[in-house]
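At position 71 of the sequence shown (counting the first as 1) the number is 118 in the working numbering, and the numbers step up by one without a gap. First up is the structure itself, then whatever we jot down about it.
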Amino acid sequence: MPSPIAHSVSGYVLAKFLPQELSKYYPSRWWNWENFYPVFIAIFADFDFIPQLITGEIFHRGITHTLIFAIGLSLVFAWLISYFCKYSFKQIFLFTLVIYSSHLVLDFFTTTSGSGLQLFWPLTDTYFKSAIPIFPSVHHSKGLFDISHFIFISWELSYSVLIVSILWLWKNFRSSKFPE
Ligand SMILES: [Zn+2]
């Protein structure tokens, strides 16, 4: 799996390309919904390390890394947000589903000593992973300060700089074509 660096930057950048109305509240602050919500959704799947810490059972990259969970969670969040904040259910649902799925895509493209993701569980128990990995995996077992982390951190930071630059170029392109 990539670390939260790649996941959160991907969620943040992806959100800027999607139609959304999350900026209705606190529109001009960096911690507004528009920025916070996609980052939260993009890293959500890896919160499964919490029950693993508590119980010692292996949960990581289990049910939270399946499509059925992505759809279920998007439905729940879309219902909650549209109910309490009067946003469009359909828009929040699709927005959440796309951002959440970006996590699964990134994990799919990671070199892993494990077997991959059971994306279509419970329909099939088959594990899926890309034959051509893009992200080096994070070796959690080596502790917080291991030299091997340098590789994934530099890789993920380069990836982050790349996609943020694409976003920046796109924004500039748009504002030159459609000045506000
Ligand atoms: Zn993950």
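The beta carbon of each residue, even a glycine, is placed where N, CA and C say it ideally should be. As the structure is a prediction and not an experimental result, all values here were calculated from the model.
Exposure of residue i, with buried meaning 16 or more beta-carbon neighbours within 10 Å
i, result
"S148", "buried"
"T111", "buried"
"W80", "buried"
"Y84", "buried"
"D172", "exposed"
"E228", "Because the chain spans 48 through 227 in this model, residue 228 falls outside it and cannot be assessed."
"F192", "exposed"
"A125", "buried"
"I97", "exposed"
"L164", "buried"
Alpha carbon of residue i to alpha carbon of residue j, nearest angstrom
i, j, result
"F220", "K137", "29 Å"
"V60", "P49", "16 Å"
"L170", "F140", "22 Å"
"L228", "Y134", "The displayed coordinates of the chain run from 48 to 227. Any statement about residue 228 would go beyond what the structure contains."
"S230", "T102", "As displayed, the chain neither begins before 48 nor continues past 227, which places residue 230 out of reach and without an answer."
"F197", "Y206", "14 Å"
"I194", "F91", "27 Å"
"L166", "L144", "14 Å"
"S55", "S162", "23 Å"
"C132", "A178", "42 Å"
"P180", "F225", "38 Å"
"F116", "S201", "31 Å"
"S184", "F199", "7 Å"
"A53", "T157", "11 Å"
"L122", "I146", "13 Å"
"V152", "S223", "32 Å"
"F182", "E203", "8 Å"
"D93", "G109", "10 Å"
"Q99", "I128", "28 Å"
"S212", "F142", "22 Å"
"W168", "P66", "30 Å"
"D120", "A89", "The question names Asp, but residue 120 is Leu in the sequence shown. Going by the C-alpha atoms only, they are around 12 Å apart."
"Y73", "V86", "Any reading at Y73 needs caution, since the residue's pLDDT is 47, under 50, leaving its predicted position unreliable; the model's value is listed next. Y73 and V86: Cα-Cα distance of roughly 17 Å."
Beta carbon proximity, residue i to chain D, threshold 8 Å
i, result
"L164", "The chain labelled as chain D is not found in the depicted structure, where only one protein chain is given."
* Could I get the ranges of all uninterrupted alpha helix (DSSP H) runs contained in the stretch 141-191, with 4 residues as the minimum, in chain order? => none
* **4-residue-minimum alpha helix (DSSP H) runs that sit fully inside the stretch 105-132, ordered along the chain** => 114-132
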